[in-house]
Amino acid sequence: MTSGNAQARRKSTDWKVVTVNGEGRVGTKPDYVVTEEPMEIRAEGPGQEPVQISVTMRTPGNDYELAVGFLYTEGIVVRPDDVRTVKYCELVEGEEQKYNIVTVALARGFDMALARRAMVTSASCGICGTESIDQLLQATEPVDRDSGPTISAKTLMSISDSIRAAQPTFDRTGGLHAAALFASDGAVSVVREDIGRHNAVDKVIGASVMAKTVPLTRQGLFCSGRLSFEIIQKAAIAR
């Protein structure tokens, strides 16, 4: 399903930070900050030229999953078999941008109207550039509150600790979000980090699409920070 050189980009960057102690003395020390770079997501169907779908500000890493997850929650990818290949675009000038453009080749054509969501997405807002309110409302079935698994409070409390132990970039920087899938017994199966919550969720969903484990009806979604409208909608689509 994937091709090209999926070279790992640095998720954190060395930086010199300013410190101020209790006595007001100013100094500097080396530290790490989370990397944030733009990534363009493109899609192409058979006989179609690649179309820009979105540009998102993300933390490098699991870029293929991010692209596939985003297209899945946008309705451009409907099932795992829709994805033929995922690769970085190498026909760009400069090494810096070589791994910032991802093209998803689809097994079938897609409605070009879906590509009108093309926009710049910041790390803090996934839907800020949407053209109209109607575009926010993806087609999802009502959720039956009794259809999902029942999870005890004790299990819920333990999930956060399990996910926290799987966040190496957070340990280094203390400055990014995480999303994860977990079962009713609290077992955590997928953890992804990103400076943007919506990106972390797309990475988790994309990993599931690429592993052909969607829909995620019997799984729970953990997300650090608040749960926005967009994240709830992504969860509803992925279930």
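Here the numbering used here is used: position 120 in the sequence shown is 1124, and no number is missing along the way. We put the beta carbon where it would ideally sit given N, CA and C, even for glycine.
In this structure Thr1154 is exposed. Its beta-carbon is surrounded by fewer than 16 other beta-carbon atoms within 10 angstroms. No residue range can be given for Gln1052, since it is assigned to no alpha helix (DSSP H) and is classified by DSSP as neither H nor E. The closest CA to that of Val1038, considering only His1202, Thr1017, Ala1191 and Ile1241, is found on Thr1017. Setting aside the 5 residues that flank it on each side, Arg1196 is surrounded in the same chain by Asn1066, Ala1183, Ala1204, Lys1207 and Val1208, each with a C-beta closer than 6 Å to its C-beta; the list follows chain order. The beta carbon of Asn1104 sits closer than 7 Å to the beta carbons of Glu1041, Pro1042, Met1043 and Glu1044 from its chain, once the five residues preceding and following it are set aside; these are given in chain order. By the neighbour-count criterion, in which 16 or more other beta carbons inside 10 Å mark a residue as buried, Pro1064 falls on the buried side.
In the DSSP assignment, Thr1217 falls outside any alpha helix (DSSP H), carrying neither H nor E. The continuous stretches of alpha helix (DSSP H) do not include Glu1197, which lies in the beta strand (DSSP E) extending over residues Val1192 to Asp1198. The three-state secondary structure of Lys1015, taken from DSSP, is coil. DSSP places Phe1226 within a strand segment (E or B) once states are collapsed to three.
Counting only runs that start and end inside the segment 1155 to 1194, the alpha helix (DSSP H) elements of at least 4 residues fall at 1157 to 1168 and 1172 to 1177. Between Lys1238 and Thr1077, the beta carbon gap of about 5 Å places them in contact (Cβ cut-off 8 Å). Shown here, Pro1042 sits in a strand according to DSSP, grouped into three states. Note: Leu1110 is bridge-paired with Val1087 in the DSSP secondary-structure output.
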